[in-house]
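K.L.:
Using numbering that gives the first Met the number 0, you'd call the opening residue of the sequence shown number 0 and step up by one each time.
Structure in structure tokens, see below.
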Amino acid sequence: MSQKRLSPRTVAVHAGSRLEGSTSQPLVPAIHMSTVGWFDSSEELDGALDGKDYVYSRISAQNTTLLEESVAALEGAEACVSYASGMAALRAVLEAQNLKPGDSIVMPADGYGVSRLLFKTLCARTGVELHPVVLSEPTAPERILELRPKFVLAESITNPLLSVPDLRALAKACRQVGAALAVDATFPSPYGQRALSLGADYAVQSATKWINGHSDALAGTVSGSHERLAPLRSMRLMAGDVLGPFEAWLTQRGLRTLHVRMKAHFENAAQVARRLAESPLLERVLYPGLPSHPQHAIAREVLEGGFGPMVAFEIKGAGRPEGYRFLEALKVARPGPSLGDVCTLVMHAASASARRMTPEERAAAGIRESLIRVSVGLEDPDDIVEDLLSAVAQGVKR
Ligand SMILES: *Cc1c(COP(=O)(O)O)cnc(C)c1O
């Protein structure tokens, strides 16, 4: 730019916005904060507006494209659409079904409380019938055949009871009645399950959790075929629930190490579960890798690389006060209502992830006041076990 005749205030607006002459490629992707792209010729702009290049970041953006390519590769999908959060991703999938009054949908009765509340709210508004079903029950595929829903949401490993549905059987039932099947595969992450390969139409991730792995950005993804995702992509352009560039960049940085982290999280979870199962202070330990787990045999077939990074347990005789005392007594693990961090995160299920469920819904799902959920971190598993057990002992002490 010739800056000679321009006033300093004009130069301040325009100077330093292009790197001239450099052909160097950054090893780490640049963070493209620009919401708008400009072109040297109108012809280029015109072509770019057909979605071929980056013009306006609500339409498409460099960092979200890069993240979507990575997640699609991990899920074994043709394509991926990213969102500002996991909940935005779930909402987008439901809305893409174009459900009409009188249509019905099925979702887990024992799943994530906010998903339940979202679907309940959206269905009530549109006159769609919502059927909560425990999808890990052997009778679940039959229920789908009876109910003939248009859409089914499953969770790979349910939150917080860690039950494992047989996705292949659910997918078969869905195909028979023409229902679309979406799987929230946040708990195992694409490392532990590729839901599309088991017959799901959409694989949904709260990438906030394991894909990011470091608790520093909210993000959600939906992966599937180009055909399934085209309506989501065009609705995202209108609804504007896009992922920001910095969040996309952070999420992709976390994803680079997903496989090494998850291998270690899975191994630690297995050790923690095995040791907890020996404690006389616990009523029961829930972990799909324990032979005592009701879906242990199914988990062997639908999960990869082990049995997931999550463990849950019930403290013998505990109500909410004992649960809270237990959380306060932790010294290594953190009491935090999330999962997917390098650090062990522990949660009292009834007051956190299942908080938005009514007491009746919690009872029906089998979520008791004594239930604790653990997202097993990368600390030494012996330290994690000792911390959990000594906090349990302090929690129940009067
Ligand atoms: C956290 C979570 C969500 C919601 O994701 P956000 O990124 O917090 O919006 C959905 N499903 C499951 C299983 C989750 O753990």
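For every residue, glycine included, the Cβ atom is placed at its ideal position computed from N, Cα and C.
Can you tell me whether DSSP reads ILE210 as helix, strand or coil?
P.N.:
Along the sequence shown, one-based indexing puts residue 210 at 211. In this structure, ILE210 counts as coil in the three-state DSSP scheme.
K.L.:
Among GLU19, ALA139, TYR55, which one has its Cα closest to the Cα of LYS171?
P.N.:
Within the sequence shown, numbered from 1, the residue matching residue 171 stands at position 172. Of the candidates GLU19, ALA139, TYR55, the one whose C-alpha sits nearest the C-alpha of LYS171 is ALA139.
K.L.:
Nearest to LEU160 by CA position, among VAL395, VAL373, ASP379, is which residue?
P.N.:
Locating residue 160 in the sequence shown gives position 161, counting from the first residue. Nearest of VAL395, VAL373, ASP379 to LEU160, Cα basis: VAL373.
K.L.:
Measuring CB to CB, does ALA349 end up less than 9 angstroms from GLY376?
P.N.:
Walking along the sequence shown from the start, residue 349 turns up at place 350. Walking along the sequence shown from the start, residue 376 turns up at place 377. Contact flag unset, no.
K.L.:
Between LEU285 and HIS292, which are expected to be in contact by the criterion C-beta below 8 angstroms, what is the C-beta distance as a whole number of angstroms?
P.N.:
Start at 1 with the first residue of the sequence shown, and residue 285 comes out as number 286. Start at 1 with the first residue of the sequence shown, and residue 292 comes out as number 293. About 7 angstroms separates the two Cβ atoms, so the contact holds.
K.L.:
Starting from CYS79, follow the beta strand (DSSP E) in both directions and report where the run begins and ends.
P.N.:
On the sequence shown, position 80 is the one that residue 79 refers to. Unbroken beta strand (DSSP E) run through CYS79: 78-82.
K.L.:
Would you say the beta carbon of THR207 comes nearer than 8 angstroms to a heavy atom of ligand 1?
P.N.:
The count along the sequence shown starts at 1 and reaches residue 207 at position 208. Checking the Cβ of THR207 against ligand 1 gives yes.
K.L.:
Starting from the Cα of SER188, find the closest Cα among ARG174, ALA178, PRO336, THR207 and give me that residue.
P.N.:
As a first step, residue 188 must be located in the sequence shown, where it is residue number 189. Among ARG174, ALA178, PRO336, THR207, the Cα nearest to that of SER188 is on THR207.
K.L.:
Is it the case that the Cβ atoms of GLU74 and SER224 are separated by a distance below 9 angstroms?
P.N.:
Here the question's residue 74 lines up with position 75 in the sequence shown. Here the question's residue 224 lines up with position 225 in the sequence shown. No.
K.L.:
Is the closest heavy atom of ligand 1 to the C-beta of GLU67 under 8 angstroms?
P.N.:
Walking along the sequence shown from the start, residue 67 turns up at place 68. Checking every heavy atom of ligand 1 against the Cβ of GLU67, none is found closer than 8 angstroms.
K.L.:
How about SER162 and LEU129: are their beta carbons less than 9 angstroms apart?
P.N.:
As a first step, residue 162 is located in the sequence shown; it is residue number 163 there, counting from the start. As a first step, residue 129 is located in the sequence shown; it is residue number 130 there, counting from the start. Going by C-beta atoms, SER162 is not nearer than 9 angstroms to LEU129.
K.L.:
Where in the region 319-358 do unbroken runs of the beta strand (DSSP E), each at least 3 residues long, occur, reported from the N-terminal end onward?
P.N.:
Here the runs fully enclosed are 344-347.
K.L.:
Return the chain-ordered list of same chain residues with a C-beta closer than 6 angstroms to the C-beta of GLY335, the five sequence neighbours on each side being excluded.
P.N.:
Translated into positions along the sequence shown, residue 335 becomes position 336. Closer than 6 angstroms at the Cβ level, and outside the excluded window around GLY335, lie LEU344.
K.L.:
When the Cα of ILE371 is compared with those of ALA363, GLY394, GLU378, GLY253, which residue comes out closest?
P.N.:
Residue mapping note: residue 371 aligns to position 372 of the sequence shown, counting from 1. Ranking the options by Cα distance to ILE371, first place goes to GLY394.
K.L.:
Thinking MET261 and TYR190 are a contact (beta carbons under 8 angstroms), I'd like their distance in whole angstroms, please.
P.N.:
As a working note, residue 261 is residue 262 in the sequence shown. As a working note, residue 190 is residue 191 in the sequence shown. Between TYR190 and MET261 the Cβ distance is about 4 angstroms, and since that is below 8 angstroms, they are a contact.
K.L.:
What residue does the alpha helix (DSSP H) around PRO380 start on, and which one ends it?
P.N.:
Here the question's residue 380 lines up with position 381 in the sequence shown. First-last of the alpha helix (DSSP H) with PRO380: 380-395.
K.L.:
Go through the region 139-165 residue by residue and report every complete run of the beta strand (DSSP E) that reaches 3 residues or more, in order.
P.N.:
List check, beta strand (DSSP E) in window: 150-154.
K.L.:
Quick check on ILE366: does DSSP put it in helix, strand or coil?
P.N.:
Translated into positions along the sequence shown, residue 366 becomes position 367. ILE366: coil per DSSP, three-state reduction.
K.L.:
Closest to PRO164 by CA distance: which of GLY243, ASP109, ASP52, ALA390 is it?
P.N.:
The residue labelled residue 164 in the question sits at position 165 within the sequence shown. Per the Cα distances, ASP109.
K.L.:
If you count every other CB in all the chains shown that lies within 10 Å of the CB of LEU26, and 16 or more means buried, which is it?
P.N.:
Residue mapping note: residue 26 aligns to position 27 of the sequence shown, counting from 1. Flag for LEU26 reads exposed.
K.L.:
For LEU329, which residues of its own chain have a beta-carbon under 8 angstroms away from its beta-carbon, when the five flanking residues on both sides are left out?
P.N.:
Walking along the sequence shown from the start, residue 329 turns up at place 330. Closer than 8 angstroms at the Cβ level, and outside the excluded window around LEU329, lie VAL345, ASP386, LEU387, ALA390.
K.L.:
Determine the contact status of GLY307 and THR256, defining contact as a CB-CB distance below 9 angstroms.
P.N.:
Sequence index remark: in the sequence shown, residue 307 carries index 308 (1-based). Sequence index remark: in the sequence shown, residue 256 carries index 257 (1-based). The answer is no: Cβ separation not under 9 angstroms.
K.L.:
Take LEU65 as the anchor and find which of ARG57, GLY50, PRO320, CYS79 has the nearest alpha-carbon.
P.N.:
By 1-based counting over the sequence shown, the position of residue 65 is 66. When only C-alpha atoms are compared, the closest one is CYS79.
K.L.:
Assign ASP49 to one of two classes, buried (16 or more other C-beta atoms within 10 Å of its C-beta) or exposed (fewer than that).
P.N.:
Counting from one through the sequence shown, the residue named residue 49 turns up at place 50. That one is exposed.
K.L.:
ARG105 and VAL151 look like a contact to me (Cβ under 8 angstroms); what is the Cβ gap, rounded to whole Å?
P.N.:
Numbered from 1 along the sequence shown, position 106 holds the residue referred to as residue 105. Numbered from 1 along the sequence shown, position 152 holds the residue referred to as residue 151. According to the sequence provided, residue 105 is Val. The question's Arg does not apply to it. Going by Cβ atoms, the distance from VAL105 to VAL151 rounds to 5 angstroms, so yes, they are a contact pair.
K.L.:
Any idea what DSSP makes of ARG283, helix, strand or coil?
P.N.:
Counting from 1 along the sequence shown, the entry for residue 283 is found at position 284. Here ARG283 sits in strand by DSSP.
K.L.:
Grouping DSSP H, G and I as helix and E and B as strand, with all else coil, what is PRO290?
P.N.:
Your numbering for residue 290 matches position 291 in the sequence shown. In the structure shown, PRO290 sits in coil (DSSP, three-state: anything other than H, G, I, E or B).
K.L.:
Give the range of the beta strand (DSSP E) segment to which PRO183 is assigned.
P.N.:
Along the sequence shown, read from residue 1 onward, the residue named residue 183 stands at position 184. Looking at the sequence provided, one finds Asp at residue 183 rather than Pro. That run of the beta strand (DSSP E) goes 179-183.
K.L.:
Taking 8 angstroms as the cut-off, is the CB of GLY212 close to at least one heavy atom of ligand 1?
P.N.:
Counting from 1 along the sequence shown, the entry for residue 212 is found at position 213. Because no heavy atom of ligand 1 lies under 8 angstroms away, the Cβ of GLY212 does not count as near it: no.
K.L.:
Given this structure, state the Cα-to-Cα distance separating GLY316 from GLY365, to the nearest angstrom.
P.N.:
Start at 1 with the first residue of the sequence shown, and residue 316 comes out as number 317. Start at 1 with the first residue of the sequence shown, and residue 365 comes out as number 366. Each residue's Cα considered, the two are about 16 angstroms apart.
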